[in-house]
Amino acid sequence: MPPVRRARAHPAAGPYTTDGWLSRRRRRHHRGVANVTSNLPDDALFEIFSRVPSAADVARCAATCRRWGRVVAARAAAISRALPSNRRGFLPHLALGFIYQQRKQNGLRFVPTASAAASPLHLGGGTPLDARLLDERGACLFDHARPVASRNGRVVLELRRADGLTLSVWNPMTGDVSVLPTLSAPKDSPGDYACAILTADDLDTPPPSSTADLFRLLLMYNRRGSTLLRSYSSDTRRWGDERGKPGDRIRSRVLGQLGPAVVLRGMAYWHTRYGALGVRLDAASSPSPVDDVCFLTYKGGYCKLDEHVLAVSPDGTTLRFVEIRFTGATQTPVITFSTSLLKGPDYESTTGGFYDATLDEHIHLPRIKATRASRYNLLWFGEKSGTLIFAVLDKPGSSTCDVFAFNIATRSLEKLADEMCCHACKNLCGYEMDRAALLAWLALR
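All residue numbers for the sequence shown refer to the UniProt record's numbering, where the first residue is 1 and numbers rise by one.
Encoded structure:
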């Protein structure tokens, strides 16, 4: 059956809305709960829910009656922004699985965690993801999409490269899709690039309701012998000017291999071979908000790109450096969440802390059958859920691998995929919903 035709997505247009995963739960919300009579209008209830001390209290309010749950679900984003922002730890339930491109012609696929698959969201494993949105040529928008970044409930997708670089920002939970203006070849389209996305949750000052869905995209690529930075702002809906990155040029091949960026206090950090590269975005200026770059060298020196990943502490204030090693003493792999490998004068001022070996965590994984020949590819870390997604190869050069999810808060380990093609892991991003989607989900349970 052909996809439902909606408004065509012109390269400079957006946003659009498709059927999000939350809509599946809404259609099944038929519980026979009697309405609680109340003279309070929805706006008054919203003001009350926005002043409760925690998300858990909001969820309890939503469970009181059908009407309250409906108000919380409809205004979950605004309520979430109004809640206290002090963070005490990871929220494991935010992690839902991973999205990947198996082959260029097969589109996107989603592999859920066991808890997500058993949830009322009815997320099937390994099934194609179809946004039912057509591009200006009449083709399904996500037919050849490749995930390049994922944070705070949003996934950045590369749609096509034939006539330039076209990116899209998609929220699978709500179904919202923004198609960014195409960076046309040959003038604007970059070659290999690194990508990071920042959302309203990353801002020190919560945005007004009119910019609740604000996001900023940052690209890093090479042109004319220099490494350049360029950003996109959802409030202006246009790309800013190119800015040169201070310091040495990063080789194009390395840029294409950089893993996911993590964000602390408005600064995106990428793991490179010799340190963490940080780029700060000034949310007050546009369309070119890049205003600060720093480099935190690793205390241990050279580190392979695919065998390490950056993470954040449970309170979201400091960087973590993550690696997996096989120890001969225990004959098991060990995950290390470390701060001691980072050093640099800018670290204290940009992240609020300094490296401290006493904060290192070493976690043994006896359930993983591995040998010294096994190789570990660290693919993605969920900053809000504390979930690490990684692949285990029997030996270097293997064509298939097993994909696991490990949560630092619960110490739970789950195998998500058996004998997955290693090439597909290069086009893989983990996915965790944001707090607003979590509130809406809890309100509709």
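Glycine included, every Cβ here is placed at the ideal spot set by N, Cα and C. None of these values were measured; they are calculated from a predicted model.
- When the five nearest sequence neighbours on each side are left out, the beta carbons in the same chain lying within less than 6 Å of the beta carbon of L180 are those of L167 and Y232, in order along the chain.
- The three-state reading of DSSP puts Q257 in helix, counting H, G and I together.
- Beta-bridge annotation (DSSP): H93 is not paired with any residue.
- Residue state for R243 is assigned as strand, using DSSP reduced to three classes.
- Buried is the label assigned to K384, since at least 16 other Cβ atoms lie within 10 Å of its Cβ.
- Between the C-alpha atoms of D163 and P190 there is a straight-line separation of about 11 Å.
- Pairing R146 with K426, the inter-Cα distance amounts to about 10 Å.
- Proximity of the region 365–382 to the region 302–322 meets the contact definition, three or more beta-carbon pairs being nearer than 8 Å.
- For V169, the enclosing beta strand (DSSP E) begins and ends at G164 to W170.
- Taking each of M220, D248 and R238 in turn and checking the Cα distance to A268, the smallest one comes out for M220.
- For H144, the three-state secondary structure derived from DSSP is coil.
- At a Cβ-Cβ threshold of 8 Å, P396 and I368 do not count as neighbours.
- For S115, the enclosing alpha helix (DSSP H) has its first and last residue at A114 to A117.
- Taking the Cα positions, R325 is about 16 Å away from D402.
- In its chain, beyond the 5 residues on either side, I99, Y100, Q101, P128, L129, F142, A145, P147 and L157 have a beta carbon closer than 8 Å to the beta carbon of L108.
- Around the beta carbon of D42, fewer than 16 other beta carbons lie within 10 angstroms, which makes this residue exposed.
- Ranking T339, R160, S234 and Y193 by CA distance to the CA of V177 puts S234 first.
- Across the set M173, A149 and G316, the C-alpha of A149 shows the shortest separation from the C-alpha of G256.
- The C-beta of S54 has fewer than 16 other C-beta atoms within 10 Å across all chains shown, which makes the residue exposed.
- When DSSP states are grouped into helix, strand and coil, I368 belongs to the coil group.
- For E383, no alpha helix (DSSP H) segment is defined, and its DSSP state is neither H nor E.
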